[in-house]
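Asks:
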Amino acid sequence: MKKLMTVLAAGSMALTLAACSNAGSNDAAGSEAPAEAKEILIGISPDYPPYESKNTAGEIEGFDVDMTKWLFDYLNENGYNYTYDFEELSFDTIISSLQAGQIDLGISGFTYDEDREGIFSDSYYDSAQVIVVKADSDIASSADLAGKKVGAQQGTTGETVAGTVDAADVQAISDAKVLMENLKADGIDAVIIDKAVADSYAANGEYKVLDEELLDEENLIYTTEDHKELLDQINTAIKAFKESDDYTKLTEKWFVASNE
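Under mature numbering (1 follows the signal peptide of the UniProt record, and there is no 0), the residues of the sequence shown are numbered -23 to -1, 1 to 237, in order.
#1: Do the segment 66 to 78 and the segment 138 to 146 touch if we need at least three Cβ pairs shorter than 8 Å?
#2: Since residue 61 is in the alpha helix (DSSP H), which residue starts that stretch and which ends it?
#3: In whole angstroms, give me the CA-to-CA distance for residue 153 and residue 160.
#4: Per the DSSP calculation, residue 21 is bridged to which residue(s)?
#5: Report the partner residues of residue 205 according to the DSSP bridge assignment.
#6: Mind reading off the beta-carbon distance from residue 119 to residue 191? Whole number of angstroms is fine, and I expect it under 8 Å.
#7: Enumerate in chain order the residues of its own chain whose CB-to-CB distance from residue 31 is below 8 Å, with the five nearest sequence positions on each side excluded.
#8: For residue 218, tell me which candidate among 48, 25, 193 and 103 has the shortest Cα-Cα distance.
#9: Do residue 187 and residue 127 have their C-beta atoms closer together than 8 Å?
#10: Are residue 54 and residue 18 closer than 8 Å when you measure CB to CB?
#11: When you compare the CB positions of residue 98 and residue 197, do they come within less than 8 Å of one another, or not?
#12: If you follow the alpha helix (DSSP H) that residue 48 is part of, which residue opens it and which one closes it?
#13: Can you tell me the Cα-Cα spacing of residue 82 and residue 199, whole angstroms?
#14: Less than 8 Å between C-beta atoms, sequence neighbours within five positions excluded: which residues of the same chain meet that for residue 90?
#15: Cβ atoms of residue 88 and residue 194: under 8 Å apart, would you say?
#16: Can you look up residue 158 in the DSSP assignment and give me helix, strand or coil?
#17: Would residue 104 be called buried (16 or more neighbouring beta carbons within 10 Å of its own) or exposed?
#18: Within the same chain, show all residues whose beta-carbon is closer than 6 Å to that of residue 60, passing over the 5 residues directly before and after it, in chain order.
#19: Could you check where the beta strand (DSSP E) with residue 102 kicks off and where it finishes?
#20: For a quick check, are the C-beta atoms of residue 40 and residue 227 less than 8 Å apart?
#21: Taking Cβ to Cβ, would you say residue 165 is nearer than 8 Å to residue 106?
#22: Should residue 14 be counted as a contact of the ligand GTP given a C-beta to heavy atom distance under 7 Å?
#23: With 16 other CB atoms within 10 Å as the buried threshold, where does residue 132 fall?
#24: Could you have a look at residue 212 and say whether DSSP puts it in helix, strand or coil?
#25: According to the Cβ coordinates, are residue 145 and residue 123 closer than 8 Å?
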């Protein structure tokens, strides 16, 4: 009887130890750290409202900022693990920083340019290059720009388009805000720039946007070939974004309001 009790006690202890061992294994498995999030560094030039600009608190805001949050939220909800941060750069520096591998993406009102090395996402918003002049200007079309000083943001398709205007004196400036200030101060006669940006600056009544559209274009995310896998994922997110109610809400928030 004593022997039987000893056996039972030994068996009970073995089961207890096994249970503790299993519990320890389960605890260890449950405490495993999740895969580390991959950080994506994004170049942005916050002088291009309504795509991106700084508010009175010095924070970067705009359609591109809200869209970026939506895209990465979508990816993280669908099995990926990303964090992202914005690196404030001039527009032309975004391009060189991408080529140097210092940033991962350029999200700053980019449009397709065959001369740029790299790859582009699918379109996330359609726009056009237009002419902006002061409200009291006599310039009515591109035909009136001959012999005039025409400003454009350096490194953009606006600069490329300005270069095709017959007999225009093209002034390339890296900062769009400075570009518009030069127009206001009569340092230049006209600016060629993205329509949404033109409408945003013209909203205060100091400028007017001419009806003529010089180039239809699409806004894209820009990166390099070594980020193709990420860009493929982003393209899936862009498709979902454009099909969502949030796309309508954000375009109305940032673009439609500026056209009213």
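We put the CB at the ideal spot given by N, CA and C, even for glycine.
Replies: Taking the definition as stated:
#1: no
#2: The residue you call residue 61 lines up with position 84 of the sequence shown. No alpha helix (DSSP H) holds residue 61; the beta strand (DSSP E) holding it covers 59 to 65.
#3: Position 176 of the sequence shown holds residue 153. Position 183 of the sequence shown holds residue 160. If you take the alpha carbons of residue 153 and residue 160, they lie about 11 Å apart.
#4: Looking up residue 21 in the sequence shown gives position 44. Paired residue(s): 65.
#5: Walking along the sequence shown from the start, residue 205 turns up at place 228. None, per the DSSP bridge assignment.
#6: On the sequence shown, residue 119 is found 142 positions in, with the first residue counted as 1. On the sequence shown, residue 191 is found 214 positions in, with the first residue counted as 1. Contact holds; Cβ gap of about 6 Å.
#7: By one-based count along the sequence shown, residue 31 stands at place 54. Only 23, 37 and 38 meet the Cβ criterion.
#8: Taking the first residue of the sequence shown as position 1, residue 218 is located at position 241. When each option's Cα is compared against that of residue 218, the closest is 48.
#9: Walking along the sequence shown from the start, residue 187 turns up at place 210. Walking along the sequence shown from the start, residue 127 turns up at place 150. Not closer than 8 Å, so no.
#10: Taking the first residue of the sequence shown as position 1, residue 54 is located at position 77. Taking the first residue of the sequence shown as position 1, residue 18 is located at position 41. Contact: no.
#11: As a working note, residue 98 is residue 121 in the sequence shown. As a working note, residue 197 is residue 220 in the sequence shown. Yes. Within cutoff.
#12: Here residue 48 refers to the residue found at position 71 when the sequence shown is read from its first residue. 40 to 54 is the extent of the alpha helix (DSSP H) around residue 48.
#13: Here residue 82 corresponds to residue number 105 of the sequence shown, with the count starting at 1. Here residue 199 corresponds to residue number 222 of the sequence shown, with the count starting at 1. Cα to Cα, residue 82 sits roughly 6 Å from residue 199.
#14: The residue labelled residue 90 in the question sits at position 113 within the sequence shown. Closer than 8 Å at Cβ, skipping near neighbours: 134 and 137.
#15: Looking up residue 194 in the sequence shown gives position 217. Looking up residue 88 in the sequence shown gives position 111. Yes, these two residues count as a Cβ contact at 8 Å.
#16: As a position in the sequence shown, residue 158 is number 181, starting the count at 1. Residue state, collapsed to three classes: helix.
#17: Position 127 of the sequence shown holds residue 104. Counting Cβ neighbours within 10 Å, residue 104 comes out buried, since at least 16 surround it.
#18: Taking the sequence shown and counting its residues from 1, one reaches residue 60 at position 83. Here the set comprises 14 and 16.
#19: For the purposes of this step, residue 102 is taken as the residue at position 125 of the sequence shown. Looking at the DSSP string, the run of the beta strand (DSSP E) that includes residue 102 is 102 to 111.
#20: Position 63 of the sequence shown, counted from the first residue, corresponds to residue 40. Position 250 of the sequence shown, counted from the first residue, corresponds to residue 227. Yes.
#21: Here residue 165 is taken as the residue at index 188 of the sequence shown, counted from 1. Here residue 106 is taken as the residue at index 129 of the sequence shown, counted from 1. Contact flag unset, no.
#22: In the structure on display, the ligand GTP does not appear, and there are no ligands present to speak of.
#23: As a first step, residue 132 must be located in the sequence shown, where it is residue number 155. When all chains shown are included, residue 132 counts as buried.
#24: Position 235 of the sequence shown, counting from 1, holds the residue named residue 212. The answer is helix: DSSP assigns residue 212 an H, G or I state.
#25: Position 168 of the sequence shown holds residue 145. Position 146 of the sequence shown holds residue 123. Yes.
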